[in-house]
Amino acid sequence: MNTFINEKLLPPVMKFVNTKAVTAIKNGMLYPIPFIVIGAIFLILGQFPYQPIADYLDKIGLGPVFMQANNASFQIMALFAVFGIAYSWVRDEGYDGVSAGLLAIVVDVLLQPDTIKSVTNIADPDKTSTAWQVSGVIDRAWLGGKGMIVAIIVGLLVGWAYSWFMKKGFTIKLPEQVPANVAASFTALLPGAAIVTIATVVYGIFKLGFNTTLVEWIYTTIQTPLQHATDGPLGVVVVAFLPVFLWFFGVHGATIVGGIMTPLLLANNADNLALYKAGNLTLDGGAHIVTQAFMDQFITVTGSGMTIGLVIFMLVRAKSVQMKTLGKLEIVPALFNINEPILFGLPLVLNPLLAVPFILTPLISGFATYFAIYFGIIPPFNGMYVPWTTPAIISGLIVGGWQGALWQALMLVMTGFTYLPFARKYDKVLLAEEQGDAEPSAEDIEKLEEATN
Numbered sequence: 001m002n003t004f005i006n007e008k009l010l011p012p013v014m015k016f017v018n019t020k021a022v023t024a025i026k027n028g029m030l031y032p033i034p035f036i037v038i039g040a041i042f043l044i045l046g047q048f049p050y051q052p053i054a055d056y057l058d059k060i061g062l063g064p065v066f067m068q069a070n071n072a073s074f075q076i077m078a079l080f081a082v083f084g085i086a087y088s089w090v091r092d093e094g095y096d097g098v099s100a101g102l103l104a105i106v107v108d109v110l111l112q113p114d115t116i117k118s119v120t121n122i123a124d125p126d127k128t129s130t131a132w133q134v135s136g137v138i139d140r141a142w143l144g145g146k147g148m149i150v151a152i153i154v155g156l157l158v159g160w161a162y163s164w165f166m167k168k169g170f171t172i173k174l175p176e177q178v179p180a181n182v183a184a185s186f187t188a189l190l191p192g193a194a195i196v197t198i199a200t201v202v203y204g205i206f207k208l209g210f211n212t213t214l215v216e217w218i219y220t221t222i223q224t225p226l227q228h229a230t231d232g233p234l235g236v237v238v239v240a241f242l243p244v245f246l247w248f249f250g251v252h253g254a255t256i257v258g259g260i261m262t263p264l265l266l267a268n269n270a271d272n273l274a275l276y277k278a279g280n281l282t283l284d285g286g287a288h289i290v291t292q293a294f295m296d297q298f299i300t301v302t303g304s305g306m307t308i309g310l311v312i313f314m315l316v317r318a319k320s321v322q323m324k325t326l327g328k329l330e331i332v333p334a335l336f337n338i339n340e341p342i343l344f345g346l347p348l349v350l351n352p353l354l355a356v357p358f359i360l361t362p363l364i365s366g367f368a369t370y371f372a373i374y375f376g377i378i379p380p381f382n383g384m385y386v387p388w389t390t391p392a393i394i395s396g397l398i399v400g401g402w403q404g405a406l407w408q409a410l411m412l413v414m415t416g417f418t419y420l421p422f423a424r425k426y427d428k429v430l431l432a433e434e435q436g437d438a439e440p441s442a443e444d445i446e447k448l449e450e451a452t453n
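Per full-length UniProt numbering, residue 1 is the first one in the sequence shown, and the count goes up by one each step.
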């Protein structure tokens, strides 16, 4: 079985995840993260979870101030993503990534509609203003979650096209006496002009031929179906099973799956956030179940495989020296959702005795959480982005209120029961190995000599 997986299954998987496109997405999606975290902090302040404080902040006018910081960071994450993806592709090709990233922003904005067809009253979203169409504007909705798939496509295409033009020498070459920064800006001129021209033609085809834009078409025909696909049981399997399955073979599953799924999960997050701000965070209102919070706070909490139950066993119940020692080393990292010490030190990687709970625990938590939201036991997550290193219970409270924190606590207790029988068995194996390898004590040698005499 291991031979089949290592020789037949993993090579094509690794070949796919190491392609230029996936690598650019994986690396490029890291650039929005700091701004998403910053925006999430101001979102918590602007939509404070304790109502009396929230009312006071609104009364003195600070609520909208905090939300403006959120609008300028979290709400334009697609803009950071399109830059990061194009930049990563071109940088890996050995060229100036900044020029390509800025060019990708230009193309992304160019392909968006420049008209808002209806305007809502900011003070009261339920009231529609008398202005039904405003032209010559950039609709921030397409810079956030709704524009995420477009950002990926544009980032990849601009990165590829820019690199292609550079390889073909389609650039302005200046004398060596020209300063490097000046030469770099002119180097990007011809590739940039060609790419913007192509993007303009595409915009014109969709605008004049179909009375829409490429951004709107992609959102309707590609992104929305993909978001709905990730929002069901299949999405639970992808985010709960694939990371630990890959981790079992020593491949960083969370990074690989996260690199592919993060854009869709963040888009789901953004949709939920909009509903939360509008006071309509319900499944009937269009809220998503499988979001970034779903993965970070209920699938990979305390580390891939949700190993806190195993760590606690190692700390308080284990008898083998190896388990007890690793338990002491891992307990603090586990609180911040880091578990590499036991993934490779215990190890969990390629360990058949612990494979079942390692793979099963996230699936149990994933499907239990999915159906808890589906049947109304806990509310959908509010779309607030919490850094993945945020300790459990605190993260559950932020994304789901007291119900989310309580449910997260129940899932952590569950991990203890799933790991217990397997951890106990593995502890006995390690203890037997340690006792078998132990050097005989002086007392044992003395007794042996007495017996032989």
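Ideal placement from N, C-alpha and C gives every residue a C-beta, glycine not left out. Since the model is a prediction, treat every value here as computed from it, not as a measurement.
For chain D, is any of its Cβ atoms less than 7 Å away from the one on residue i?
i, result
"residue 314", "Of the protein chains in the structure, only one exists, and it is not chain D."
How long is the line joining the alpha carbons of residue i and residue j, rounded to whole angstroms?
i, j, result
"residue 285", "residue 272", "10 Å"
"residue 361", "residue 151", "34 Å"
"residue 381", "residue 57", "23 Å"
"residue 267", "residue 383", "9 Å"
"residue 130", "residue 116", "With a pLDDT of 49 at residue 130, under the threshold of 50, the modelled position of this residue cannot be trusted; read the value that follows with caution. The alpha-carbon atoms of residue 130 and residue 116 are separated by roughly 13 Å."
"residue 485", "residue 220", "Summary: the structure shown does not reach residue 485, with the chain confined to residues 1 through 453, and so no result is reported for it."
"residue 245", "residue 17", "15 Å"
"residue 315", "residue 436", "23 Å"
"residue 141", "residue 114", "12 Å"
"residue 180", "residue 347", "50 Å"
"residue 223", "residue 14", "25 Å"
"residue 324", "residue 427", "9 Å"
"residue 261", "residue 290", "11 Å"
"residue 62", "residue 287", "27 Å"
"residue 11", "residue 249", "12 Å"
"residue 432", "residue 327", "18 Å"
"residue 178", "residue 206", "41 Å"
"residue 186", "residue 167", "16 Å"
"residue 232", "residue 193", "43 Å"
"residue 171", "residue 105", "20 Å"
"residue 126", "residue 275", "Only weak support is given to the placement of residue 126: the predicted model assigns it a pLDDT of 48, under 50, and the value that follows is read from those uncertain coordinates. Their Cα atoms are separated by approximately 12 Å."
"residue 240", "residue 320", "30 Å"
"residue 388", "residue 169", "43 Å"
"residue 164", "residue 101", "15 Å"
"residue 149", "residue 162", "20 Å"
"residue 338", "residue 243", "14 Å"
"residue 50", "residue 67", "16 Å"
"residue 70", "residue 318", "47 Å"
"residue 386", "residue 26", "19 Å"
For residue i, does the three-state DSSP call read helix, strand or coil?
i, result
"residue 415", "helix"
"residue 99", "helix"
"residue 17", "helix"
"residue 134", "strand"
"residue 221", "helix"
"residue 116", "strand"
"residue 377", "coil"
"residue 176", "coil"
"residue 305", "coil"
"residue 426", "helix"
"residue 387", "coil"
"residue 398", "helix"
"residue 348", "coil"
"residue 251", "coil"
"residue 262", "helix"
"residue 318", "coil"
"residue 105", "helix"
Between which two residues does the alpha helix (DSSP H) carrying residue i extend?
i, result
"residue 324", "321-335"
"residue 392", "Careful: residue 392 lies outside any alpha helix (DSSP H) and carries neither H nor E."
"residue 210", "189-210"
"residue 369", "352-374"
"residue 341", "340-345"
"residue 233", "233-248"
"residue 141", "Where residue 141 is concerned, there is no enclosing alpha helix (DSSP H), given that its DSSP letter is neither H nor E."
"residue 160", "148-167"
Measuring from the CB of residue i, is there a heavy atom of the ligand PLP at a distance below 6 Å?
i, result
"residue 154", "With respect to small molecules bound, the structure shown includes none, and the ligand PLP cannot be examined in it."
Problem set entry | Complete runs of the beta strand (DSSP E) confined to the region 19-95 [at least 3 residues] | Counting whole runs of 3 or more residues, the region 19-95 contains no beta strand (DSSP E) stretch at all.
Exercise. Are three or more beta carbon pairs between the region 153-164 and the region 81-92 nearer than 8 Å?
Worked result: Contact between the region 153-164 and the region 81-92 is present: three or more C-beta pairs spanning the two stretches fall below 8 Å.
Exercise. Can at least three beta-carbon pairs, one atom from the region 26-45 and one from the region 67-75, be found at a separation below 8 Å?
Worked result: For the pair of segments examined, the region 26-45 was found to touch the region 67-75: the number of CB pairs separated by less than 8 Å reaches three.
Exercise. Taking one C-beta from the region 105-113 and one from the region 186-204 each time, how about it: are there three or more such pairs within less than 8 Å?
Worked result: Yes: at least three Cβ pairs fall under 8 Å.
For this session: Identify every run of the alpha helix (DSSP H) within the region 265-295, keeping only runs that are complete inside it and at least 4 residues long; order them along the chain.
Result: Unbroken alpha helix (DSSP H) runs of no fewer than 4 residues, entirely contained in the region 265-295, are not found.
Exercise. Counting pairs of beta carbons, one from the region 339-357 and one from the region 407-426, are three or more of them closer than 8 Å?
Worked result: A contact between stretches requires three or more CB pairs, one per stretch, nearer than 8 Å, and the region 339-357 meets this requirement with the region 407-426.
Exercise. Are at least three pairs of beta-carbons, each pair with one atom in the region 295-310 and one in the region 335-344, less than 8 Å apart?
Worked result: Here the region 295-310 lies against the region 335-344, with 3 or more beta-carbon pairs under 8 Å apart.
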